Amino acid sequence: MWSSVVTIWPIRTVRLSCSQRRQIYYMAKAELFQFKPFGFILKKLGAFPVQRGKGDVEAIDTAAELLRDDCAVGVFIEGTRSKNGEFGKPKAGAAMLAYNNHAPILPVCITPIGSKRPRLFHRAVVSFGELIPFEELGIHEGSGVEFRNASRLVMDKIRALRERDLRELEEKDASNHI
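With the working numbering applied, the sequence shown covers 6 to 183.
Here it is as structure tokens:
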């Protein structure tokens with residue numbers, strides 16, 4: 006496991022992308038692409054539109070094609086930002102993509118420093134867990150129950166990263182006040 010601290014825009018995808026050497030492609034809600042200049046920027050950052058709340062076959066196909074091309078596809082497992090900074094319920098899409106495309110999942114956690122939610126031009130810790138091969142997700146038949154269980158497994162790994170990061174930040178803060 007390793008982590009990096011970045012200070013950049015509060016947009017999660019930008020924050021995560023800037024901490025990487027490899028291009029990461031993201032699903033982003035389709036509404037963000039309606040304002041053409043902003044949509045252009047998002048596409049340049051590697052985002053592609055997804056119709057949320059629906060079975061958006063085109064977005065799934067785009068993600069699958071990227072995975073077949075050995076690209077990294079970033080999926081925020083909760084599907085949306087948290088209003089209060091707490092973890093939300095994981096969605097099954099990342100596990101489904103991993104299983105259907107024989108792709109591993111890399112748990113990543115973005116922990117804001119000094120607040121519960123990311124804020125404009127504030128620092129955050131970006132932590133990476135151990136790569137989870139698709140075979141270890143516990144998906145054998147491709148059922149909805151298996152996808153949900155695999156998503157909870159990934160979320161538990163992300164939650165462990167958050168707890169570790171918060172503990173390390175508290176220890177660092179305590180040592181600075183001695």
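All C-beta atoms in this analysis are idealised placements derived from N, C-alpha and C, irrespective of residue type, glycine included. The structure displayed is predicted, hence computed values, not measured ones.
Close Cβ partners of residue i (< 7 Å) along its chain, the five nearest in sequence each way excluded
i: Gly98; result: Val80
i: Glu168; result: none
i: Leu47; result: Ala33, Leu37 and Phe38
C-alpha gap between residue i and residue j, whole angstroms
i: Ser156; j: Thr85; result: 15 Å
i: Glu151; j: Leu158; result: 10 Å
i: Cys114; j: Leu50; result: 19 Å
i: Met32; j: Phe43; result: 15 Å
i: Ala69; j: Asp178; result: 43 Å
i: Asp61; j: Asn181; result: 49 Å
i: Ala35; j: Phe45; result: 12 Å
i: Lys59; j: Phe53; result: 16 Å
i: Asn106; j: Arg27; result: 20 Å
CB-CB length for residue i against residue j, believed under 8 Å
i: Phe139; j: Ala103; result: 5 Å
i: Asn154; j: Gly143; result: 6 Å
i: Pro95; j: Ile110; result: Contact doesn't hold; Cβ gap of about 11 Å is too wide.
i: Pro117; j: Lys162; result: Between Lys162 and Pro117 the Cβ distance is about 19 Å, and since that is not below 8 Å, they are no contact.
i: Ala108; j: Leu72; result: 5 Å
i: Val130; j: Asp170; result: 5 Å
Chain-order list of residues whose beta-carbon lies under 6 Å from that of residue i (same chain, five-residue window excluded)
i: Met101; result: Phe152
i: Ala64; result: Met32 and Val55
i: Leu166; result: Cys114, Ser132 and Gly134
Other residues of its chain near residue i: CB distance less than 8 Å, five sequence neighbours each side excluded
i: Asn89; result: Lys121 and Arg122
i: His145; result: Glu151
i: Arg57; result: Lys34, Ala35, Gly84 and Thr85
i: Phe92; result: Glu83, Met160, Ile163, Arg164 and Arg167
*Secondary structure, alpha helix (DSSP H): runs of 4+ residues fully inside the region 61 to 127*: Listed in chain order, the complete alpha helix (DSSP H) runs (minimum 4 residues) inside the region 61 to 127 are 62 to 73 and 98 to 106.
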